[in-house]
Amino acid sequence: MKKVGITGQAGFVGNHLYTTLSLDETVELIPFERAYFDDANTLGSFVEQCDTIVHLAAMNRHEDMNVIYDTNIALVEALINACKSKSVTPHIIFSSSSQESRDNLYGKSKKEGKEKFTEWSEETGGKFSSLTIPNVFGPFGKPNYNSVVATFAHKVARGEEPTIIQDGEVGLIYVNELVAIFIETIKNQVSAENIGKNSFEVQIQPTSKNKVSRILELLNRFKRDYMGNGIFPNLEDSFEKALFNTFRCYVPQEHYPVKFIKHTDPRGSFVEIARTQTSGQFSFSTTVPGITRGNHFHTRKAERFAVISGKALIQLRKIGTDEVINYELDGNEPAYVDMPIWYTHNIKNIGDEELITLFWINEPYNPEDADTYFEDV
């Protein structure tokens with residue numbers, strides 16, 4: 000059992016890494032809070048529990064660039080001092096940046112932070128790995144802070160018009176892809192370049208390159224087709240699928256439940272559940288009164304629950320949080336709710352009659368790679 004601590008575990012990348020590692024039975028996570036940096040004893044207790052420390056805590060934006068530099072250097076020095084005070088040498092993995100080579104104080108703080116960890120590694124024999132990271136995007140990024148994708152997706156989903164200041168090409172890596180590299184590094188399975196006797200560096204390359212205008216074009220298409228007409232886009236392209244899953248997390252909560260158009264004639268009724276530009280699996284279930292189905296979440300699948308008969312309570316909760324979102328649906332007004340990734344969800348028959356629910360998911364079920372993790376809402 001490898002004991003892993005993540006500074007900045009509540010941040011964008013940190014939260015994704017923490018929740019993904021929580022699914023790994025070979026890893027024990029050592030919880031971290033930002034306040035630990037303000038107390039040497041608490042920070043010392045944290046470092047001596049860890050086999051590996053992923054140092055993600057950093058300041059990215061501030062009006063005064065000197066504050067960014069001073070803060071990031073202070074965090075590195077505090078971590079090094081804590082390790083020295085406890086005479087421990089955990090494997091430290093540092094989140095550096097492609098801005099290292101640029102003439103700005105943020106890039107300088109990353110470059111000098113790497114140098115300080117390298118010196119510590121050479122002095123103590125502790126292992127150090129530096130991961131130079133390109134621009135990252137993915138679900139739950141903070142608009143106007145983490146990435147242009149987060150900012151644009153948030154605005155588009157709310158009917159705002161983002162402004163392109165410079166239509167340059169942006170190299171991006173999806174947060175799931177980045178997390179996989181971090182985990183490979185934690186498990187010593189990544190190919191790295193020596194920068195010292197016990198120090199290593201991984202230059203992570205973008206997995207996609209797109210002009211800002213193309214990113215905005217795709218997001219506007221998702222808004223028009225997906226939010227406007229319930230049409231799922233083609234999810235065969237890995238970047239477009241990642242961008243779509245990112246966009247979905249910014250869809251306002253009040254967008255759901257979305258009511259279907261019900262066509263009725265003497266023969267009965269017809270309701271189109273989902274029009275899709277990709278493959279997937281449609282299914283239905285019948286549920287007797289009082290029974291609950293589900294209580295699981297997915298990390299990559301797009302899924303829709305559609306109630307066409309009976310009364311249902313659909314509940315969702317983002318993993319790692321306590322807030323439960325409740326939607327009540329009635330088959331007299333057929334409607335659907337989509338399940339975001341990293342939200343555990345269920346459906347309960349709260350009526351007196353049989354509940355009929357139709358489901359669509361973008362991947363046929365594969366027991367060898369189900370991407371289904373059980374957790375009560």
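Numbering (numbering that gives the first Met the number 0), first residue to last: 0 to 376.
No residue lacks a Cβ here, since even glycine has one placed at the ideal position from N, Cα and C.
Residues that DSSP places opposite residue i in a beta bridge
| i | result |
| --- | --- |
| Ile355 | Thr285, Ser308 |
| Phe373 | His295 |
| Leu328 | Ala311 |
| Val26 | Lys1 |
| Leu171 | Asn134, Ser207 |
| Ile199 | Just to set this straight, residue 199 is Phe in the shown sequence, not Ile. Phe199 pairs with Ser128, Asn193. |
| Val257 | Tyr335 |
| Phe269 | His262 |
| Ile360 | Gln280, Glu302 |
| Lys317 | Tyr342 |
Boundaries of the alpha helix (DSSP H) in which residue i is found, first to last residue
| i | result |
| --- | --- |
| His344 | It is not in any alpha helix (DSSP H) - His344 instead sits in the beta strand (DSSP E) that spans 342 to 348. |
| Leu20 | 11 to 20 |
| Glu235 | Careful: Glu235 lies outside any alpha helix (DSSP H) and carries neither H nor E. |
| Ala152 | 147 to 156 |
Expected contact under 8 angstroms - CB spacing of residue i and residue j to nearest Å
| i | j | result |
| --- | --- | --- |
| Val12 | Val189 | Actually they are not in contact, since the Cβ atoms of Val12 and Val189 sit about 16 angstroms apart, beyond 8 angstroms. |
| Gly229 | Glu362 | Actually they do not touch by this definition, with Cβ atoms about 19 angstroms apart. |
| His153 | Tyr249 | 5 angstroms |
| Phe93 | Leu130 | 7 angstroms |
| Val270 | Glu353 | Actually they are not in contact, since the Cβ atoms of Val270 and Glu353 sit about 17 angstroms apart, beyond 8 angstroms. |
| Glu47 | Val75 | So it is not a contact: roughly 18 angstroms between Cβ atoms. |
| Val211 | Val169 | 6 angstroms |
| Asp285 | Ile355 | Here residue 285 is Thr; the residue named in the question, Asp, does not match the sequence. Right, the Cβ-Cβ distance comes to about 6 angstroms (below 8 angstroms), so this counts as a contact. |
| Thr18 | Ile324 | Contact doesn't hold; Cβ gap of about 18 angstroms is too wide. |
Residue from the options whose Cα sits closest to the Cα of residue i
| i | options | result |
| --- | --- | --- |
| Ile360 | Leu328, Glu367, Ile272 | Ile272 |
| Asp321 | Tyr342, Arg303, Val336 | Tyr342 |
| Ile185 | Thr371, Val376, Val3 | Val3 |
| Tyr35 | Ile67, Tyr68, Ala73 | Ala73 |
| Glu313 | Asn345, Pro333, Asn80, Arg299 | In the sequence on display, residue 313 carries Ile and not Glu. That would be Asn345, whose Cα lies nearest to the Cα of Ile313. |
| Ala369 | His297, Glu302, Met64, Ala301 | His297 |
| Ala56 | Asp50, Asn40, Ser95, Phe127 | Ser95 |
| Gly137 | Pro205, Phe127, Ala149, Tyr144 | Ala149 |
| Ala191 | Asn197, Val201, Glu183 | Val201 |
| Gly309 | Ala334, Gly106, Ser128 | Ala334 |
| Val306 | Arg299, Glu332, Phe281, Gly293 | Glu332 |
| Asp329 | Gly267, Leu22, Thr123, Phe259 | Phe259 |
| Lys240 | Gln276, Arg223, Ala39 | Gln276 |
| Tyr326 | Met64, Asp337, Gly319 | Asp337 |
| Asn77 | Phe139, Leu357, Thr25, His54 | The identity of residue 77 in the sequence shown is Ala, whereas the question assumes Asn. Looking at the Cα atoms, His54 is the closest of the given residues. |
| Thr196 | Phe221, His262, Thr263, Thr123 | Sequence check: residue 196 is Lys here, not Thr. The shortest C-alpha separation from Lys196 is found at Thr123. |
| Ile67 | Met0, Asp375, Lys107 | Lys107 |
| Ile340 | Asn134, Cys82, Phe243, Asn348 | Phe243 |
| Ser128 | Asn134, Val135, Phe116, Phe139 | Phe116 |
| Ile5 | Val178, Pro142, Glu159, Glu114 | Val178 |
| Lys1 | Leu16, Ile29, Ile163 | Ile29 |
| Asn294 | Arg303, Asp224, Tyr372 | Tyr372 |
Host beta strand (DSSP E) of residue i (start-end)
| i | result |
| --- | --- |
| Ser129 | 127 to 132 |
| Ala179 | That residue, Ala179, is in no beta strand (DSSP E); its alpha helix (DSSP H) goes 174 to 185. |
| Val3 | 1 to 6 |
| Tyr335 | 334 to 338 |
| Thr263 | 262 to 264 |
| Ser278 | Element bounds for Ser278: n/a, residue is neither H nor E. |
Discussion item. Which complete alpha helix (DSSP H) runs does the segment 36 to 122 hold, if anything under 4 residues is left out?
Written reply: 39 to 48, 64 to 84
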